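The block underneath contains the structure these notes are about, expressed in structure tokens.
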Amino acid sequence: MIIDLHVHSRCSDGDFTVKEIIREAKARGIGLLSITDHDSISCQGEAVALAEKSGIHYVTGVELKIIFSHPEYRCGRPVSLDLLGYRFDVEDEKLRGRLLEIKRYREERAAKILEKINRELEKEGIEKLTKEDFEEIRASVGGVIGRPHIADHLVRKGIVKNRQEAFDRYLVKCNVPNYPIYPEEASKLIRNAGGITVLAHPNDPRGISLAELTKSLREQTRIIEESFLEYIDGVECWHPRHDARTTSHYVRFARRHGLIMTGGSDCHQKPVIMGTVKVPSYVAEQFI
Ligand SMILES: [Zn+2]
Numbered sequence: 007m008i009i010d011l012h013v014h015s016r017c018s019d020g021d022f023t024v025k026e027i028i029r030e031a032k033a034r035g036i037g038l039l040s041i042t043d044h045d046s047i048s049c050q051g052e053a054v055a056l057a058e059k060s061g062i063h064y065v066t067g068v069e070l071k072i073i074f075s076h077p078e079y080r081c082g083r084p085v086s087l088d089l090l091g092y093r094f095d096v097e098d099e100k101l102r103g104r105l106l107e108i109k110r111y112r113e114e115r116a117a118k119i120l121e122k123i124n125r126e127l128e129k130e131g132i133e134k135l136t137k138e139d140f141e142e143i144r145a146s147v148g149g150v151i152g153r154p155h156i157a158d159h160l161v162r163k164g165i166v167k168n169r170q171e172a173f174d175r176y177l178v179k180c181n182v183p184n185y186p187i188y189p190e191e192a193s194k195l196i197r198n199a200g201g202i203t204v205l206a207h208p209n210d211p212r213g214i215s216l217a218e219l220t221k222s223l224r225e226q227t228r229i230i231e232e233s234f235l236e237y238i239d240g241v242e243c244w245h246p247r248h249d250a251r252t253t254s255h256y257v258r259f260a261r262r263h264g265l266i267m268t269g270g271s272d273c274h275q276k277p278v279i280m281g282t283v284k285v286p287s288y289v290a291e292q293f294i
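Each residue of the sequence shown is one higher than the last, beginning at 7 in this note's numbering.
See the structure below:
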């Protein structure tokens with residue numbers, strides 16, 4: 007069975023609508039799927055219904071951005087990690103309420119980031135962004151607004167050539183901290199909604215992973231054992247940016263601790279790589 011438990015839709019920063027994802031999943035023969043948007047579950051109801059119609063096993067999903075620190079690394083300064091939530095009740099009031107708060111905060115944050123970018127543009131003699139620009143950015147977002155949406159708008163306006171340049175020139179410098187959710191709270195939210203939590207791509211070299219604290223796989227799993235194990239039910243072993251060594255290290259780790267093992271493409275449809283990460287079929291047995 008082809009399995010993909012990590013896909014983004016237009017409800018966060020993916021390019022496809024839920025409908026397009028389900029159609030593509032069907033065409034690619036994906037038998038077990040989860041759409042895991044950043045801090046948003048607004049597409050889950052539609053995904054459940056459409057997947058059922060297409061005969062695809064569907065697991066409800068979300069990817070929460072959390073804050074984590076360890077006293078021995080980066081002088082205790084926090085890093086961001088991604089915590090995947092699966093199989094929760096999409097109608098859960100507490101989860102929905104908290105995600106709504108995050109969404110509102112993210113909009114305020116985006117407005118503050120735009121103010122900072124405007125100061126930079128002014129210094130460079132470039133025309134400033136207006137209210138209409140903000141509205142246009144908001145309209146381009148299906149779920150929760152994030153820096154990639156602002157970056158894409160700067161590309162559309164011709165201020166920068168691509169997303170990377172947007173981050174290099176403006177978005178890193180003009181950042182405003184994200185809504186802080188700690189592992190305790192995130193895991194409680196998901197588990198109280200009947201779901202399970204999975205640490206996403208623990209060794210993603212591009213960041214939002216424990217690789218920001220240490221490149222050593224052994225140290226990464228020691229950190230989890232010391233400060234994270236109680237918050238997770240599983241670990242994402244298969245990911246496009248995990249090499250074979252990382253995958254086998256985390257599979258061994260998961261087996262040692264009786265954790266669920268998951269995997270997926272983390273596809274944002276840029277390009278479309280859904281179903282291309284080889285996830286063994288025994289992963290499905292944990293969900294079906
Ligand atoms: Zn993701």
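A virtual CB, placed ideally from N, CA and C, is assigned to each residue, including glycine. None of these values were measured; they are calculated from a predicted model.
Look at the alpha carbon of Y64 and the alpha carbon of E128, and state the distance between them as a whole number of angstroms.
Roughly 48 Å separates the two Cα atoms.
Which class does G213 belong to by DSSP, given the choice of helix, strand or coil?
Three-state result, G213: coil.
I think S15 touches H44, with their Cβ atoms under 8 Å apart; what is that distance to the nearest whole Å?
Their Cβ separation, rounded to whole angstroms, is 10 Å, which puts S15 and H44 out of contact at 8 Å.
In chain order, what residues of the same chain have a beta carbon less than 6 Å from the beta carbon of D239, not counting five sequence neighbours either side?
Around D239: I202, T203, I266.
Restricting to Cα atoms, I'd like to know which of F173, L105, R153, H207 is closest to H245.
Out of F173, L105, R153, H207, H207 has the C-alpha closest to the C-alpha of H245.
At a cut of 8 Å, does the stretch 206–225 reach the stretch 187–197 through at least three beta carbon pairs?
These segments do not touch.
Collect the residues with a C-beta less than 5 Å away from any heavy atom of ligand 1 and give them in sequence order along the chain.
Having a Cβ closer than 5 Å to some heavy atom of ligand 1 are E69, D272.
In this structure, what does DSSP give as the bridge partners for T268?
Answer is E242.
How about C243: is its C-beta nearer than 8 Å to some C-beta of chain C?
Checking the listed chains, one finds no chain C in this structure; it contains a single protein chain.
Taking the straight line between their C-alpha atoms, what separation do you get for I36 and T282?
Distance between the alpha carbons of I36 and T282 is about 10 Å.
From G131 to S233, what does the alpha carbon distance come to, in whole angstroms?
Distance between the alpha carbons of G131 and S233: 48 Å.
Can you tell me which residues form a DSSP beta bridge with E69?
Answer is H44, L90, bridged to E69.
Specify whether the stretch 106–125 and the stretch 219–227 touch according to this definition: at least 3 beta carbon pairs, one from each stretch, less than 8 Å apart.
Cβ pair count under 8 Å is below three, so no.
Determine the direct distance from the alpha carbon of R102 to that of G46, and round the result to whole angstroms.
The residue you asked about is not Gly; residue 46 is Ser in the sequence shown. Approximately 9 Å between the Cα atoms of the pair.
F140: which of R112, V166, R29 sits nearest, CA to CA?
Closest by alpha carbon: R112.
The beta strand (DSSP E) that contains H14, what's its start and end?
Where H14 is concerned, there is no enclosing beta strand (DSSP E), given that its DSSP letter is neither H nor E.
How many whole angstroms separate the CB atoms of V13 and S271, which I take to be in contact at a CB cut-off of 8 Å?
7 Å between Cβ atoms; contact.
What separation, rounded to the nearest whole angstrom, lies between the Cα atoms of Y79 and L219?
Roughly 6 Å separates the two Cα atoms.
What's the C-alpha gap between K59 and D95?
For K59 and D95, the distance between alpha carbons rounds to 19 Å.
Assuming T203 is part of the beta strand (DSSP E), what are its boundary residues?
Segment 202–205, the beta strand (DSSP E) holding T203.
For the alpha helix (DSSP H) that contains Q170, what are its first and last residues?
169–172 is the extent of the alpha helix (DSSP H) around Q170.
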